[in-house]
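Numbering (the numbering used here), first residue to last: 527 to 709.
Built from N, CA and C at the ideal position, the CB exists for glycine as well.
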Amino acid sequence: MKIIVAITGASGVVLGKGFLDAVKGKHETHLIISEAAKKVMKYELEKADEIGKLADYRYKEDDLEARIASSSCRIDAMVIIPCSMKTLSAIANGFSDNLITRSAENILKLGKKIVVVPRDTPLTLAAIENMKKLKLAGAVIMPPNMAYYYKPETVDDVTNFFVGKVLDVLEIEHNMYKKWKGK
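Following this line, the structure appears as structure tokens:
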């Protein structure tokens, strides 16, 4: 699978890193890190400069000449993890001013799978309306909510659970968390 991974300027960049770790060497990844995300990474990751090494291809946010900026580029899915409200709003309202929003526009117009991980709480009415627009356009909206049934003990357990849920949406096999088996 060929996947565009975008990390934007919201808290939760560890989720983006976790996703890249999970698919490294198994799927082709095209990484875009927003300028705002680079600032957040300095606070949330110990080795922020090494995240780019997890992807097969890396692009700058303003690189609108990149091959993934074109709808003729064969990409299977896109994951925006985490997704800032600014990026979510831009995509929902067709404002394609950078490579992240342009790539998302291509994924949506081609009917490909796009997973958006909005990382903000509480939500404004505008954020909810923008999520509704994206859902109607075909996006999967996945706020990083945790579950308790598997009894997480560490932050890594919570991160792995959520990354596993994103992998589930993309139909990628994994063993990131203990799946519910029923009674």
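- With a threshold of 16 other beta carbon atoms within 10 Å, S629 meets it and is buried.
- Two segments are said to touch when three or more pairs of C-beta atoms, one from each, lie closer than 8 Å; by this definition the segment 656 to 672 touches the segment 636 to 643.
- For L557, the enclosing beta strand (DSSP E) starts and ends at 554 to 559.
- D547 is the residue among A532, G535, M527, D547 whose C-alpha sits nearest the C-alpha of T685.
- The segment 589 to 641 contains, as complete alpha helix (DSSP H) runs of 4+ residues, the segments 611 to 618, 625 to 635 (chain order).
- A straight line joining the alpha-carbon of P644 with that of P608 spans about 6 Å.
- Going by C-alpha positions, I577 is about 12 Å away from A532.
- Put simply, the backbone Cα of I559 is about 39 Å away from that of G708.
- Per DSSP, the continuous alpha helix (DSSP H) segment holding K691 begins and ends at 681 to 695.
- Listed in chain order, the non-local C-beta contacts of K635 below 7 Å within the same chain comprise S597, local neighbours out to five positions each way being set aside.
- Two segments are said to touch when three or more pairs of C-beta atoms, one from each, lie closer than 8 Å; by this definition the segment 645 to 656 does not touch the segment 684 to 699.
- Comparing alpha carbon positions, the residue from N656, T534, W706 closest to L557 is T534.
- Secondary structure of Y569 (DSSP, three-state): helix.
- I698 carries a coil assignment under DSSP once its states are collapsed to helix, strand and coil.
- Per DSSP, I533 is one residue of the beta strand (DSSP E) stretching across 528 to 533.
- In chain order, H700, M702, Y703 place their CB closer than 6 Å to the CB of G690, counting only its own chain and leaving out the 5 sequence neighbours on each side.
- Judged by beta-carbon spacing, I594 lies beyond the 8 Å limit of E554, meaning their Cβ atoms are not closer than that value.
- The Cβ atoms of K550 and L580 lie closer than 8 Å to each other.
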